[in-house]
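Scroll down for the structure; my scribbles are underneath it.
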Amino acid sequence: MTTDDIPVDDEGRSIPAYALYPVKAVAWATFFGSPLAGGIVMAINYGRLGRPGAKRNALLWSALATAALFTVIFLIPDDLSIPHSVFYIPQLAAMYAIAHSLQGPAIKLHRERGGSLASVWRAVGVGCVCGPFILGGMVGGAHVVDFNKPAAVLKFNHHGEVYYSGQAAKEDAQFLGETLTAKGIFGTSSGGSVYVKASSHKYTISFVLVEGAWGSYGETRGSHPVLVA
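Take the sequence shown: its position 3, counting from 1, is numbered -15 in the numbering used here, and each next residue is one higher.
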C-alpha cells in the first residue's frame, strides 16, 4: 500500500526507508573487529533511528571497552597461558546481550512496520576493517609494555643472577642458571648477571661478567643494563 508515493503498512504507518542491522550483526562485527566494531554497527543503527546521543555513546563505550580488554590482556603475566576463547566468548556474549537489550525492541518494531534488515556481511566488513587497526594497536602496545616491564630474577650461589622477561619462563631462567653454575661461571666470587628474553620462539641471552660494568657498557633494558652477547 502507498499513500502519496510513501509506502505504508496495513495500518497506515509509513514503512521505514532505511535498513537496520540485526543483533547478530553486532556479534559478528565484534568477532572480527573487537567490541569497537560492534559498537560502530550499533552506532549506525542509532544514526538511522535518529538518535545522535545514543550513537555517540555507542562509539564511546565500545572504544572504552576495547581499551579495557587490551589493558587486561597486557597485564596478564607472560608465563600464564590462557586460551583465546577466554577473551572471545565473554566479549561476544556481552556485545550480543547489550545490543539485544538496547536495540532489540527497536529492531523488532522496525520489522513489524515492514522495514528491512541490513546485510550481516556488511557488519562483517566493518569488523574486518577495524581488525587490522586493532591488531596494530595491540602489537605496538605490547612492545611498549614489554619494554617498560621490569624483568623477574632468579639468584644462584649468592653471586649469580638470571633476569628473564618477554616469553621467557622461569623454567628457562632456571635451566640457564643451572647450566652456568655447572660451567663454573656462577660459582666464582664475582659471579655474574645474565639477561634472557624470548620472543616468537627466539631467545636472546645477554650478560655482564665484569664487576662494575653495568655503569659503562650495554644498553638499558627496563632497570637492568645489559651487554649483548
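A virtual CB, placed ideally from N, CA and C, is assigned to each residue, including glycine.
From a predicted model like this one, the values you see are computed outputs, not experimental measurements.
For PRO72, the enclosing alpha helix (DSSP H) has its first and last residue at 67 to 94. For TYR28, the three-state secondary structure derived from DSSP is helix.
Residue range 34 to 57 is occupied by the alpha helix (DSSP H) that includes ILE55.
With 16 or more other CB atoms across the displayed protein chains lying within 10 angstroms of its CB, ARG30 is buried. Counted as a single uninterrupted DSSP element, the alpha helix (DSSP H) harbouring LYS152 occupies residues 152 to 164.
Closest in C-alpha terms to GLY86, from the list ILE58, GLY35, ASN27, SER175, comes ASN27.
Residue pairing by DSSP places SER63 opposite no residue, since no beta bridge is assigned to it. LEU2 is bridged by DSSP to LEU99. One thing to note: TYR3 has its Cβ within 8 angstroms of the Cβ of ALA105. CA-to-CA, the gap between LEU57 and ALA134 works out to about 15 angstroms. Taking a 10 Å sphere around the C-beta of CYS112, we find 16 or more other C-beta atoms and assign the residue as buried. The Cβ atoms of LEU51 and PHE69 lie closer than 8 angstroms to each other. Residue ILE71 holds the alpha-carbon nearest to the alpha-carbon of TRP10 among ILE71, SER63, LYS152. Per the coordinates, the alpha-carbon of PRO34 lies some 9 angstroms from the alpha-carbon of ALA25.
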